[in-house]
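Taking it in order: structure first as C-alpha cells, then the write-up.
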Amino acid sequence: MQYTFPKDFLWGAATAAAQIEGGAFEDGREPSIWDVFSRIPGKIKNGDLPDISCDSYHLYEKDIEAMKALGLKTYRFSFSWSRIIPDGTGEVNPAGIQYYKRLIAALKENGIVPNATMYHWDLPYALQIQGGFGNRDCISWFTHYAKVLLDNFGEDVDFWVTFNEPIALYVGHAYGFFAPGLKNEKYARQCLHHLLLCHGEAVKLFRTYGFSKAKIGIVVDVWKHYPDRPGNAEDEAYAVFNNEIAGYGMFLHPLFLGGYSEELNAYLEKNGMVPQMEEGDFETMRQPLDFYGLNFYNGLYDNAEEIRKKEAVLKAGGNYQDQPKQHPEAVRDVLHMLVEKYRIQIPIYITENGLPQEDGPLEEVLDDRERIAYVEQVLIAVHQAIADGIPVKGYYLWSLMDNFEWSAGFSLRYGLHYTDYQTGKRIPKKSAGWYARVIRENGFTIP
Ligand code: NOJ
513 MQYTFPKDFL WGAATAAAQI EGGAFEDGRE PSIWDVFSRI PGKIKNGDLP DISCDSYHLY
573 EKDIEAMKAL GLKTYRFSFS WSRIIPDGTG EVNPAGIQYY KRLIAALKEN GIVPNATMYH
633 WDLPYALQIQ GGFGNRDCIS WFTHYAKVLL DNFGEDVDFW VTFNEPIALY VGHAYGFFAP
693 GLKNEKYARQ CLHHLLLCHG EAVKLFRTYG FSKAKIGIVV DVWKHYPDRP GNAEDEAYAV
753 FNNEIAGYGM FLHPLFLGGY SEELNAYLEK NGMVPQMEEG DFETMRQPLD FYGLNFYNGL
813 YDNAEEIRKK EAVLKAGGNY QDQPKQHPEA VRDVLHMLVE KYRIQIPIYI TENGLPQEDG
873 PLEEVLDDRE RIAYVEQVLI AVHQAIADGI PVKGYYLWSL MDNFEWSAGF SLRYGLHYTD
933 YQTGKRIPKK SAGWYARVIR ENGFTIP
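Numbers 513 to 959, taken from my numbering, label the letters of the sequence shown in order.
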C-alpha cells in the first residue's frame with residue numbers, strides 16, 4: 513500500500529529552547545523556572561540539569577546540518593524569554609536577539625521554514641517570584657515580550673505559536689512535578705485562565721502588524737481518553753474528567769467554542785475553584801487563528817479498577833510502572849473531533865509526535881525500529897484523516913535530537929539523532945535515514 517501525502521505537505525522536526533540550548537548562564541541570560549526547579553533535589557531524574565544539554569546555543573550549526581541531512585522542509589523551535597528579556601520585563605538582551613537572528617538566517621539560507629513558539633514552559637524566574645501566571649499582570653508581561661519578538665522577527669517567522677501545551681502550567685501548579693513545582697489546584701486554575709488571556713492579547717497584538725506572510729496559532733496537545741469498558745459508568749466518568757476537566761477541553765473549549773464547558777464549570781463551582789475573571793475575558797481568549805497545532809502522542813483507555821490499583825500503589829509509596837499501550841490510530845479520531853466537536857476550520861499541523869526510548873548502549877539506541885514502526889502507524893492514520901477531508905498540512909516529529917526531557921532529565925531519548933552529551937555530537941539513528949526517505953518521497957510504501 514502506498515501512502516503519498518498532499519503536494520506541499522510540510523515535513524518537519526521540533527525542539528524547544530529549554531530542552532536543547534544550554535548556555536543557561538551565558539551572555540546575559542538569567543534563570544528560568546526550569547533552571548531553578550531542576551536544582552531542587554529529587555525533582556529531575558538522576559539530578560540532571562539543563563545547563564548545557566545539546567548546547568545548541570553554541571552548536572546550532574550542527575542542528576542545521578542534521579536538518580539538511582533529513583531534508584526538512586520546516587523546523588519548529590522556541591524562544592527563550594530569559595535570553596531575550598532576562599528579568600522578564602526590562603531590558604532586551606542584544607546577545608539573545610542575535611542568537612535567534614543567526615538561527616533564523618541559517619534556516620532560511622537552507623530553505624527551511626521557521627515555526628517558532630513564544631512560550632514553551634520556561635518563564636523567567638524573576639516573574640515567577642512575582643506570582644508568575646497567577647498574577648494578572650502576566651498579561652502585560654507577556655504582550656511586552658511578544659512585542660519584542662514580533663518587532664525583531666515578525667515576518668521572518670512563517671508560523672508563530674503563542675503557547676505550547678498549556679497543560680504543562682496546570683501540571684506545574686496543581687501536581688508539582690513540573691516547574692514551578694506547586695501543588696495548588698485553585699491557583700493552577702487561575703494561572704490557566706490568565707494564560708489563555710495572554711494568548712488572546714498576543715494574537716490581537718500580532719494582527720496590528722498586518723504581516724503578509726506570517727501566521728499565528730496555538731499548540732494544544734490532545735491525549736484523548738476513552739472508557740475502557742464503554743457503558744461502564746465509572747470508566748465513562750473518568751474519561752469525561754480526563755478530557756473535559758483535566759485535559760484538552762480546558763483549552764479547546766474557550767479557544768474555539770467560547771467559555772468553559774459545562775462539565776468544567778460545574779467542577780470549578782463545586783470545588784470552589786472558579787478563577788477570578790473580568791468581563792470580556794472569554795472574548796479575548798477566543799481570537800480567530802490562522803492554524804492549529806496538534807501535539808499527539810497517544811490515545812488512553814480509562815479503567816476504574818486499574819486506576820484504583822495504581823492509586824493504592826502510589827499511596828503506599830510504591831512506584832507504579834505505567835506503560836500504556838500504544839494507540840497510534842487514535843490520531844484519526846482526534847482529528848475528527850477537532851473539526852466536528854470544536855469546529856476547527858483552519859489548517860491543522862501535527863506540531864509534535866514521537867516515541868521515547870530509555871537511555872542505553874549506543875548501538876541499541878541507534879537501532880530505533882520501534883520508533884519507525886510507531887510513527888509509520890501514526891502517519892497512516894493521519895493519511896486516512898486527510899482522505900476523510902481533514903485539512904492536515906504538515907507533521908513535525910519530536911524531536912530532531914535527544915534532549916532534556918523535563919522531569920525525566922536525559923534518561924528518555926526522543927531524537928531522530930542520538931545526542932552524545934559529553935561531546936555534543938549528533939549521531940543519526942535508524943529513524944533519521946527512514947524519515948529522510950519519507951520526506952524525499954513525500955510518503956512511504958508498506959509492502
Ligand atoms: C511535549 C512537549 O511539548 C515537549 O517539550 C516534550 O519533550 C514532548 N512532548 C515529549 O514529552
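Virtual Cβ for every residue (Gly too), placed ideally from N, Cα, C.
Cβ-heavy atom distance, residue i to the ligand NOJ, below 7 angstroms
i: Asn865; result: no
i: Gln869; result: no
i: Asp733; result: yes
i: Ala618; result: no
i: Glu677; result: yes
i: Trp593; result: no
i: Pro918; result: Just to set this straight, residue 918 is Trp in the shown sequence, not Pro. Because some heavy atom of the ligand NOJ lies under 7 angstroms away, the Cβ of Trp918 counts as near it: yes.
i: Gln531; result: yes
i: Trp546; result: no
i: Ala897; result: no
i: Ala638; result: no
i: Tyr572; result: no
i: Asn807; result: yes
i: Ala528; result: yes
i: Tyr631; result: no
Other residues of its chain near residue i: CB distance less than 7 angstroms, five sequence neighbours each side excluded
i: Ala751; result: His737, Tyr738, Pro739 and Asp814
i: Lys942; result: Leu878, Asp879, Asp880, Arg881 and Ile884
i: Leu709; result: Ile651, Asp793, Thr796 and Met797
i: Arg844; result: Ala893, Gln896 and Ala897
i: Asn754; result: His737 and Asp814
Spatial neighbours of residue i in its chain, beta-carbon cut-off 6 angstroms, leaving aside the 5 residues before and after
i: Pro528; result: Pro is not the amino acid found at residue 528; the sequence shown has Ala there. Closer than 6 angstroms at Cβ, skipping near neighbours: Ser590 and His632.
i: Asn865; result: Phe808 and Val890
i: Arg595; result: Arg541 and Gly608
i: Ala686; result: Glu697 and Ala700
i: Phe763; result: Pro678 and Val732
i: Ile958; result: Met513
i: Ala680; result: Trp633 and Phe690
Residue i - containing alpha helix (DSSP H), residue span
i: His848; result: Ala842 to Glu852
i: Thr655; result: Cys650 to Phe665
i: Tyr569; result: Ser568 to Leu582
i: Ile862; result: Element bounds for Ile862: not the alpha helix (DSSP H) but the beta strand (DSSP E), Ile860 to Glu864.
i: Gly608; result: Pro606 to Glu621
i: Thr720; result: Glu697 to Tyr721
i: Asp668; result: First-last for Asp668: undefined, no H or E at that position.
i: Trp633; result: That residue, Trp633, is in no alpha helix (DSSP H); it is neither H nor E in DSSP.
i: Leu522; result: Unbroken run through Leu522 is the beta strand (DSSP E), Leu522 to Ala526; no alpha helix (DSSP H).
Span of the beta strand (DSSP E), counted from its first residue to its last, around residue i
i: Gln514; result: Gln514 to Thr516
Close Cβ partners of residue i (< 8 angstroms) along its chain, the five nearest in sequence each way excluded
i: Glu818; result: Asp740
Residue i beta carbon near the ligand MG (any heavy atom closer than 7 angstroms)
i: Trp910; result: Among the ligands in the structure shown, the ligand MG does not appear; only the ligand NOJ can be found there.
Checklist entry - Any contact of the stretch 793-807 with the stretch 725-733, i.e. 3+ C-beta pairs under 8 angstroms? => result yes
Checklist entry - So, do the stretch 576-592 and the stretch 629-645 have three or more beta carbon pairs nearer to each other than 8 angstroms? => result yes
Checklist entry - Are the stretch 565-585 and the stretch 640-652 touching by the rule of at least three beta carbon pairs closer than 8 angstroms? => result no
Checklist entry - Does the stretch 652-671 come within contact of the stretch 601-611, defined as at least 3 CB pairs closer than 8 angstroms? => result yes
Next on the checklist: Does the stretch 938-958 come into contact with the stretch 575-586, if we say contact requires no fewer than three beta-carbon pairs (one atom in each stretch) closer than 8 angstroms?
Outcome noted: yes
Checklist entry - Counting Cβ pairs, one atom from each stretch, are 3 or more of them under 8 angstroms apart for the stretch 543-553 and the stretch 679-693? => result yes
Next on the checklist: If contact is defined by three or more beta carbon pairs under 8 angstroms, each pair taking one atom from either stretch, is the stretch 765-774 in contact with the stretch 851-859?
Outcome noted: yes
Checklist entry - Quick one: any contact between the stretch 819-831 and the stretch 782-792, if contact means 3 or more CB pairs under 8 angstroms? => result no
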